[in-house]
Amino acid sequence: MKRYSVSGLINLLSLCLLITLTGGCSTPSDEPAIGFVDTPRVDEWDTPIINIEGWVYDPDGIKSVKVVLNDQHVFSTVPKLKRADVLKAHPHITTDTPGFLIQADFTGLLEGQDVLAVYSVDINGNRTQLATLDWSGKEQVDWLKRASEVSGWDLEPFYLPVATSGLGDPQAKELVSVYGAKQNETFKIGLRIPVLYMRTTKGRDSDWVFDPDFNTETRSETGKLIAEDALNDTLKRSIEFNIPVLITLNGGIWADASGTEPDWDLIDHLEEDEKNCQWTYEGKVFSDEYLSNLPGSTLSPELSRALTLNVFADEVRYYKKRNLQQAARIIANFAQEHPELFIGINLDPDVYINPFFEGKAWFDYNPDTLRQFRHWLAGTGPYSTGGVLEGEHLSPVLTLADVSDIAQQHFLSWEEVTPPKLKKGVHETSWQELWGQFRRHLVYQHYNDMANWVEEAGVDPYKIFTAQGFAATSEKTMPMPVHIMSPGKNYDTAGMSIEGSKPENGHLGAILYGDSAINTARMENDLSLFANIQSFDLDWGVPEFNLAKIDKPADLPGYDLAYQAVLELLNSNVRYVSPMAWNGSNGIFAGSEGFVSYTSWRNTPAEQAFMDFSSARKGLSRTAKLWPFGFRGISTVDGWTGSKPGSLHGENGKLIINPESGNIRVTSPDFQLRYSGKYIIAIKFNHINEAAELKIVLRDKETGNVLYDSSLTKGAELISNTTSIGYEWMIELEDTDRTQLEIEIRSNEKTVVDHVAIVPIVKNKK
């Protein structure tokens, strides 16, 4: 359950990194040239015809700038372009034309794992390497051209809002500079900014009303900044720099973790009264700083004291609703005036029954929470007809005699009913299980309330997301609960469940790190984590994402893992993924002291993978499925399997299918379709025998029923009918939970597939 908060991240790097790697035969007395390659960005070269732009300066004079492909093919120029931005940043430069542009065409020269080296040569022959650029391994498909030819082609975009805090003009400018050329109609870059709606207030004297213009220079008596972000500043920069934003409205456990400031922070003020807090079984409320040495946005975030979630906490609910709606109304107006810039709102990251004591203490035994538990069991009080929670009680409801039997205690009245004291590793009794299910109900109800409050303030429910942490469990603990009423677990689930993270008027937001981010978290059923999430919400989002594991901050996952994770995410109907974090550790410092992998985004394999898919999916909506079978020379089958005898393997961005016996069936991983309607199934064959016969089948994984079965097609027909995209089948389908695509090939020769795509053709949808 531990994780890093975006608010307060230490900016370890300056916003402009000057690469001055030296090489060649320069003597110790020679100073290397300085310079930078602006375009393309490092590891973002994905077309054979490119412009290499940058600048270079050497006081001895520059003779040439060279671009070398695979140590063989050389392109050369001399600096002759004006760069006022460079002269402003480096006033010691004595030439007014340090800029260069090389237009290079590598068509026919690429080998699949290609490297460009960019270096300068001074008048003495000394070289300075400016950049090394890796080819992504595939020429990309022009899906946008095909979209212009097909009426109703779905272009709903996917968003990549990078998490940051303390946003300023330089950060916004750099984001535009770094990603401007990489985003497109269906893959858009943005920012996610936290707004602490219970902390950025007008203070005690003004009853802690939310302040959208909060002065981010405000400090406590100890000198700490109160908060780093103000709502109106964030929205202003979004408009000024044309950057879409996802706003994290955070009034949860992490919102006051950086320090106790009751004069400003409503949470800290409310927590001063223990009746507003979560209690242990013994009736104890710890001081907020009781825990120490926890990972977070400060050296030791204050996570010991948390506000109760029970429905009777009138003071907590009043202030939370008031401040949340004050912020939401401003955002609703922004969304109405600038709909293209509004990705959405995600609410309170990690709504938990406090888990941070890790089995040494269990919460919430607040007296009012226990009162709500009794009403939930009996269907009375707030759960009765006309109550605020009507219909949300345990079903079927229990009598006092039923409760006594389950608890194996003799209760003489409902007031005597007390839930069990939980213990680490103990989950066997029905009474413990029932108490755990109620705790999940509490978390669900709180997210549901917040989503309703935000909708009341004018925000479209389609743009409202939760932000629940789905931490993968260890081998010693049971898998995470899928349902609110899932069986008991042998660890503190903190009230978390997948079902309980989807509000009635809003969408599920999943915080994913480590094994959860790569979709390998163990589940209590046969579905993956992403598939389980889609079973509740096909319009979900990921408000925090990092491939690294929280308990291994020095380990930065490689490109193979990143590619597989991004492939699965983008084939799961997800609407956005927010990587951690723009101002976290830079990937170029992996292995250095102080490097923290689970906040690292810039110059990491994960960033590379997302940028590769940005190019590959240009023109494909967030609901489309694409299996490109690898970039950057990696060998992968993208989860496809083949029938025996026969074999398949990945090779340089291609799927190689060997029938062996003259017949083979290859099957895709499970996927879920977002909409009912027309789809194009597109398969690009790099090689198929003219005598081969082929058909495709779409099958419901649950029932085995065939949803679509094409007739046999001759390879010669495929070759004659192949478009620039590939051979296409236009079909009509219902939305399904678990679907697989089968390709049956009758041939004695191998078949080579470049990619497979399933593209929705949707006209009327929300």
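Each residue of the sequence shown is one higher than the one before, starting from 10 at the first, in my numbering. Glycine included, each C-beta is placed from N, C-alpha and C at the ideal position.
| query | result |
| --- | --- |
| With three or more C-beta pairs closer than 8 Å as the rule, is the region 636-652 touching the region 526-542? | no |
| Any contact between the region 702-718 and the region 748-755? By contact I mean 3 or more CB pairs, one from each, below 8 Å. | yes |
| Is the separation between the beta-carbon of V360 and that of Y471 shorter than 8 Å? | no |
| Tell me whether the beta-carbon of I473 lies closer than 8 Å to the beta-carbon of G523. | no |
| Can you tell me where the alpha helix (DSSP H) with Q112 in it begins and where it stops? | Not the alpha helix (DSSP H): Q112 falls in the beta strand (DSSP E), residues G108 to D114. |
| Please list the terminal residues of the continuous alpha helix (DSSP H) segment that includes V452. | S439 to E465 |
| So which of A519, P552, D548 and S506 has the shortest CA-CA distance to E533? | S506 |
| Just the Cα atoms here: how many angstroms apart are L657 and V768? | 24 Å |
| If I'm right that L565 touches A574 with Cβ under 8 Å, what's the distance once you round it to whole angstroms? | About 14 Å separates the two Cβ atoms, so there is no contact after all. |
| My understanding is that H82 touches L139, with C-beta atoms under 8 Å, so please give their C-beta distance in whole angstroms. | Between L139 and H82 the Cβ distance is about 18 Å, and since that is not below 8 Å, they are no contact. |
| For I111, which of K75, D69, P100 and E577 has the nearest alpha-carbon? | K75 |
| Give me the residue from V765, K245, D163 and E291 with the minimum Cα distance to I339. | K245 |
| Just to confirm, is the Cβ distance from W610 to W636 under 8 Å? | no |
| Can you name the start and end residues of the alpha helix (DSSP H) that W423 belongs to? | Premise fails: W423 is in no alpha helix (DSSP H) and is neither H nor E. |
| So, at 8 Å on beta carbons, what are the nonlocal neighbours of A239 in its own chain, with the 5 sequence-adjacent residues on each side left out? | V204, T209, D220, P221, D222, F223, N224 and T225 |
| Is it buried or exposed for M207, if we count other Cβ within 10 angstroms and need 16 for buried? | buried |
| Spatial neighbours of E711 within its chain, please: C-beta separation below 7 Å, excluding the five flanking residues on both sides. | D746 and R747 |
| Do you know how far the Cα of K233 is from the Cα of L312? | 18 Å |
| Could you please give the first and the last residue of the uninterrupted alpha helix (DSSP H) stretch that includes G724? | G724 to N730 |
| Tell me which residue opens and which closes the beta strand (DSSP E) that V171 is part of. | F167 to A172 |
| Classify V360 as helix, strand or coil using the three-state DSSP reduction. | coil |
| Looking only at its chain, what residues have a beta carbon closer than 6 Å to the beta carbon of T116, apart from the 5 residues adjacent to it on each side? | P57 |
| Would you call L421 buried or exposed, if buried means 16 or more other Cβ atoms sit within 10 Å of its Cβ? | exposed |
| Cutting at 6 Å between CB atoms, please list the residues of its own chain near V771, excluding the five before and the five after it. | D163, Y684 and G686 |
| Using a threshold of 8 Å, state whether the C-beta atoms of E64 and F84 are closer than that. | Sequence inspection shows Trp at residue 64; the Glu mentioned does not correspond to that position. No, the pair does not count as a contact, with Cβ atoms beyond the cut-off. |
| For the structure I just gave you, are there three or more beta carbon pairs, one from the region 283-302 and one from the region 575-590, closer than 8 Å? | no |
| Give the straight-line distance between the Cα atoms of W549 and R136, rounded to the nearest whole angstrom. | 50 Å |
| Using the Cα positions of Q335 and E464, report the straight-line distance between them to the nearest angstrom. | 12 Å |
| Which one of A172, V715, F619 and I235 has the shortest CA to CA distance from S594? | A172 |
| Among all the DSSP beta bridges, which residues are the ones paired with Q656? | As written in the sequence, residue 656 is Ser, which differs from the Gln given in the question. S656 pairs with N667. |
| How is N714 classed by DSSP in three states: helix, strand or coil? | coil |
| Closest Cβ-Cβ distance between G478 and chain B: below 8 Å? | Among the chains in the structure shown there is no chain B, since it carries only a single protein chain. |
| Might you give, ordered along the chain, the residues of its own chain that have their beta carbon closer than 7 Å to the beta carbon of E508, omitting 5 neighbours on each side? | V491, H492, I493 and F545 |
| Could you spell out the range, first to last residue, of the alpha helix (DSSP H) harbouring I71? | Counting along the chain, I71 falls outside any alpha helix (DSSP H), though it belongs to the beta strand (DSSP E) covering I71 to L78. |
| Within the chosen definition, does the region 348-362 reach the region 244-262 through at least 3 CB pairs nearer than 8 Å? | yes |
| Going residue by residue through the region 214-278, where are the continuous alpha helix (DSSP H) segments of at least 4 residues, counting only ones entirely within it? | 240-250 |
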